[in-house]
Amino acid sequence: MQIKRFGFLAFLLAFSFSWAANASNQHGDEHGHHEEQGEKSIKEQIAEVKEHHLKDSHSFHLWGDHASGTSVEFPLPVILWDEGELHFFMSSAFHHSENQTVESKGSYFRLYHSKIYKTDAEGTIHYDEEHHATNAKPIDFSITKTVFSTILVGLLLLWLFGSVAKKYRKDLVPRGIAKFMEPLVILVRDDIAKPNIGEKDYKRFMPYLLTVFFFIWMANMIGQTPLGINITGNIAVTLGLALITFFITQFSGRKDYWAHIFWMPGVPYVMRLVLMPIEILGMFVKPFSLMIRLYANILAGHVVIMSIIGLIFIFGAWGAKGAFFGLTFFLSIIELLVAFLQAYIFTMLSALYFGSAVEVHDEHH
Amino acid sequence: MALLEDFSVGLFFWQLILFILLLFVLRKFAWKPILGAVEEREKSIEDSLASAEKARAEMERLQSNNERILAEARAERDTILKEAREIKDKMINDAKSEAGAQAEKIIANAKEQIQNEKMAAVTDLKNQVAEMSIEIAEMVLRRELDDKAKQGVLVKDQLDNFKLN
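Protein sequence lines, in the order shown, are assigned to chains G and P. Be aware that the first sequence starts at 1, since it is given in this note's numbering, and climbs by one per residue. Be aware that the second sequence starts at 1001, since it is given in this note's numbering, and climbs by one per residue.
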């Protein structure tokens, strides 16, 4: 049973890494043609859309037309922290002035390549020799598209599980939406929490495991919609999640857990000294791998999907268009699976780490 | 490094805040009631199954009890019947033996009575014989005066004739 599970995990990991590798290839390609001015070829347009999509944005872009340059989007609030001062305005303010700067409390800010820089009144951007902007950057606490989507996902989950909880108030038999969600809750409890943490301790980790599972899943799923949301493909998001797992693990660590890290029982003393730094490194590698796995998988999925959607437009022949349409369709279905799997893996591994933290070894090695 | 350049402190900040908020709100309003309800239901199912099992066992016990009682009743009936038969036989035997005894007693009584009667008759006869002897003796005495020899013959004949049986 245990071996089978690890086999399955190994397969998933291999799968994950192959995707991540794929993503970096794609990334390498697209850096080649990045040009910002003049007549854009369709390839450049696609690359731009792709890059724009993968990056966070200060407004919520719904749809647009490249030929006419129009786009339908709604602005989001910009919150900046700069030199002890808080600046607050809507992102639409960037489009109000000629040089795309916004004046707030005597400072000028300009949105340039989806980042906010501090500029002079003319909006001058200074470049280094590699054509990167060198202007000072305020700390950006804006409600960006990703933050907005995160709130959306949170509200969705609240509504969803709030109504599920309400169903149980009347009757213990699951009805309506509860009938659909309950097996998933049970899945997290019986297949993730109980076997990895143990019957005795699993209960207090359940709220986190359930929240992280459904949050990641929902965020992944909403990323599959044509809204172009990419929450879990942001390393800041996955870092946040991985950090919480890390801290919960450390704070619930029992004596045995720390003993296994600093002074491994049952091995020769020399080995204990060798194992200590490895185990300490392991403490950080575990959440790091959580962070990278989720981020890379989702980012890679988005890159692949967008690339083959782009190929539909690049190829003229209808046969090729049809073939790439089919491929997109096929990969989208795989992405739906990946959306679930990544949520499952993140939750499963978190539970595994919690399990190792609360484990009590009563036998001698 | 592009990864670090793309890292957004603001996004990280909001993600942490929002997620932790979501965690606490969901814990209070969703996970606790849902898990509680699921557990409660599982417990009630378990209890129902256990009580059904118990009821089944009870039923079985009752059934076996019934059978036992039935068997006992049957055995009792058999013993009662047997006893009745025995009593009947005994009664018949008793009656028979009593009747026999009674009959024997009656016969014995009858025999005794007959003996008594016989003795009485004998006595009576003896008395009559004695009377007759006296009469004969009288007659003899009267005749003796006539013929002494004949007298002796007569007495002897008389006595022979009155020989007791």
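Even for Gly, the Cβ is constructed at its ideal location relative to N, Cα and C.
Self-check item: Rounded separation between L1049 of chain P and F324 of chain G - CA only
Solution: Numbered from 1 along the second sequence, position 49 holds the residue referred to as residue 1049 of chain P. Numbered from 1 along the first sequence, position 324 holds the residue referred to as residue 324 of chain G. Spanning the two alpha carbons is a distance of roughly 56 Å.
Exercise. Please compile the residues from chain G whose C-beta is within a distance smaller than 7 Å of the C-beta of A1037 of chain P.
Key: Within the second sequence, the letter at position 37 stands for residue 1037 of chain P. Those are Y168 and L172, listed as they occur along chain G.
Quiz item: For S350 of chain G and chain P, any beta-carbon pair shorter than 8 Å?
Solution: The sequence position of residue 350 of chain G within the first sequence is 350, counting from 1. S350 of chain G does not count as touching chain P.
Quiz item: Taking 8 Å as the CB-CB cut-off, is F141 of chain G touching chain P?
Solution: To locate residue 141 of chain G, count along the first sequence from 1; it is residue 141. Interface residue, yes.
Exercise. At 9 Å on the CB atoms, spell out the chain G contacts of R1077 of chain P, in chain order.
Key: What you label residue 1077 of chain P is simply residue 77 of the second sequence in a count that begins at 1. Going along chain G, no residue has its Cβ under 9 Å from R1077 of chain P, so there is no contact; the nearest lies around 53 Å.
Quiz item: Is DSSP giving D56 of chain G helix, strand or coil here?
Solution: Here residue 56 of chain G refers to the residue found at position 56 of the first sequence. Correct three-state label for D56 of chain G: coil.
Quiz item: Are at least three pairs of beta-carbons, each pair with one atom in the segment 186 to 204 of chain G and one in the segment 215 to 232 of chain G, less than 8 Å apart?
Solution: no
Exercise. Quick one: which unbroken alpha helix (DSSP H) runs of 4-plus residues sit fully inside the segment 1097 to 1134 of chain P? Chain order, please.
Key: none
Quiz item: Any Cβ of chain G within less than 8 Å of the Cβ of Q1063 of chain P?
Solution: Reading the second sequence from its first residue, position 63 is the one you call residue 1063 of chain P. Not one chain G Cβ lies under 8 Å of Q1063 of chain P.
Quiz item: Any chance the segment 77 to 87 of chain G sits against the segment 141 to 150 of chain G, with 3 or more Cβ pairs inside 8 Å?
Solution: yes
Quiz item: Grouping DSSP H, G and I as helix and E and B as strand, with all else coil, what is V72 of chain G?
Solution: The residue given as residue 72 of chain G occupies position 72 in the first sequence. Three-state DSSP puts V72 of chain G in a strand.
Self-check item: Residue-level contact to chain P via CB, N234 of chain G, 8 Å cutoff
Solution: Numbered from its first residue, the first sequence carries residue 234 of chain G at position 234. Judged by the 8 Å Cβ criterion, N234 of chain G is in contact with chain P.
Quiz item: Mind checking if L1049 of chain P is an interface residue toward chain G, Cβ cutoff 8 Å exclusive?
Solution: The residue labelled residue 1049 of chain P in the question sits at position 49 within the second sequence. Taking Cβ atoms only, chain G never reaches closer than 8 Å to L1049 of chain P, which makes this a no.
Exercise. Could you tell me whether any Cβ in chain P is nearer than 8 Å to the Cβ of P207 of chain G?
Key: Position 207 of the first sequence, counted from the start, is the residue given in the question as residue 207 of chain G. Yes, P207 of chain G counts as interfacial toward chain P.
Quiz item: How about I1034 of chain P: is its C-beta nearer than 8 Å to some C-beta of chain G?
Solution: The residue labelled residue 1034 of chain P in the question sits at position 34 within the second sequence. Yes, contact with chain G.
Quiz item: Ends of the alpha helix (DSSP H) at E279 of chain G?
Solution: Taking the first residue of the first sequence as 1, we reach residue 279 of chain G at position 279. Looking at the DSSP string, the run of the alpha helix (DSSP H) that includes E279 of chain G is Y269 to I314.
Quiz prompt | Boundaries (first-last residue) of the beta strand (DSSP E) holding L187 of chain G | solution = Position 187 of the first sequence holds residue 187 of chain G. Neither: L187 of chain G is in no beta strand (DSSP E) and is coded neither H nor E.
Exercise. Provide the residue(s) that pair with L86 of chain G in DSSP beta bridges, ordered along the chain.
Key: Along the first sequence, one-based indexing puts residue 86 of chain G at 86. L86 of chain G pairs with G:W81.
Quiz item: Using DSSP with H/G/I as helix, E/B as strand and the rest coil, what is A136 of chain G?
Solution: As a first step, residue 136 of chain G must be located in the first sequence, where it is residue number 136. Three-state result, A136 of chain G: coil.
Quiz prompt | Cross-strand partners of L111 of chain G (DSSP beta bridge) | solution = As a first step, residue 111 of chain G must be located in the first sequence, where it is residue number 111. Note: L111 of chain G sits in a beta bridge opposite G:I116.
Practice problem: Report yes or no: is there a C-beta of chain P within less than 8 Å of the C-beta of I177 of chain G? | Solution: On the first sequence, position 177 is the one that residue 177 of chain G refers to. So, not an interface residue.
Quiz prompt | E48 of chain G versus H260 of chain G - alpha carbon distance | solution = One-based indexing of the first sequence puts residue 48 of chain G at position 48. One-based indexing of the first sequence puts residue 260 of chain G at position 260. Going by the C-alpha atoms only, they are around 50 Å apart.
Quiz item: Which residue or residues does DSSP assign as beta-bridge partners of Y344 of chain G?
Solution: Numbered from 1 along the first sequence, position 344 holds the residue referred to as residue 344 of chain G. Answer by DSSP bridge pairing: none, since Y344 of chain G is not bridged.
Quiz prompt | Burial state of H131 of chain G, where buried means 16 or more other Cβ atoms lie within 10 Å | solution = Numbered from its first residue, the first sequence carries residue 131 of chain G at position 131. Exposed: under 16 other Cβ atoms inside 10 Å.
Quiz item: In this structure, does DSSP put L227 of chain G in helix, strand or coil?
Solution: Within the first sequence, residue 227 of chain G is the residue found at index 227, counting from 1. The answer is coil: DSSP assigns L227 of chain G none of H, G, I, E or B.
Self-check item: Beta-carbon proximity list for D128 of chain G, same chain, < 6 Å, skipping 5 on both sides
Solution: What you label residue 128 of chain G is simply residue 128 of the first sequence in a count that begins at 1. Closer than 6 Å at Cβ, skipping near neighbours: T134.
Quiz item: For V164 of chain G and chain P, any beta-carbon pair shorter than 8 Å?
Solution: The sequence position of residue 164 of chain G within the first sequence is 164, counting from 1. Interface residue, yes.
Quiz prompt | W159 of chain G and A343 of chain G closer than 8 Å at C-beta | solution = Residue 159 of chain G sits at position 159 when you count from the first residue of the first sequence. Residue 343 of chain G sits at position 343 when you count from the first residue of the first sequence. The answer is no: Cβ separation not under 8 Å.
Quiz item: Do you know offhand how far R1056 of chain P's Cα is from E1067 of chain P's?
Solution: Residue mapping note: residue 1056 of chain P aligns to position 56 of the second sequence, counting from 1. Residue mapping note: residue 1067 of chain P aligns to position 67 of the second sequence, counting from 1. Distance between the alpha carbons of R1056 of chain P and E1067 of chain P is about 16 Å.
Quiz item: How big is the Cα-Cα spacing for H366 of chain G and Q224 of chain G?
Solution: An answer regarding residue 366 of chain G cannot be provided, because it is not within the stretch 1 to 365 covered by chain G.
Practice problem: Could you name the residues of chain P that L86 of chain G contacts, counting a contact when the two beta carbons are closer than 7 Å? | Solution: Taking the first sequence and counting its residues from 1, one reaches residue 86 of chain G at position 86. The contacting residues do not exist; L86 of chain G stays about 12 Å from chain P at best.
Quiz prompt | Straight-line Cα distance separating I1045 of chain P from E1060 of chain P | solution = One-based indexing of the second sequence puts residue 1060 of chain P at position 60. One-based indexing of the second sequence puts residue 1045 of chain P at position 45. Roughly 22 Å separates the two Cα atoms.
Exercise. With a threshold of 16 other CB atoms inside 10 Å of the CB of M1091 of chain P, please say whether the residue is buried or exposed.
Key: As a working mapping, residue 1091 of chain P is identified with position 91 in the second sequence. Flag for M1091 of chain P reads exposed.
Quiz prompt | Interface positions of the segment 185 to 217 of chain G facing chain P (Cβ-Cβ less than 9 Å), listed along the chain | solution = V185, I186, R189, K203, M206, P207, Y208, L210, T211, V212, F214 and F215
Quiz prompt | S104 of chain G, enclosing beta strand (DSSP E) - first and last residue | solution = Counting from one through the first sequence, the residue named residue 104 of chain G turns up at place 104. Its beta strand (DSSP E) spans residues T101 to S104.
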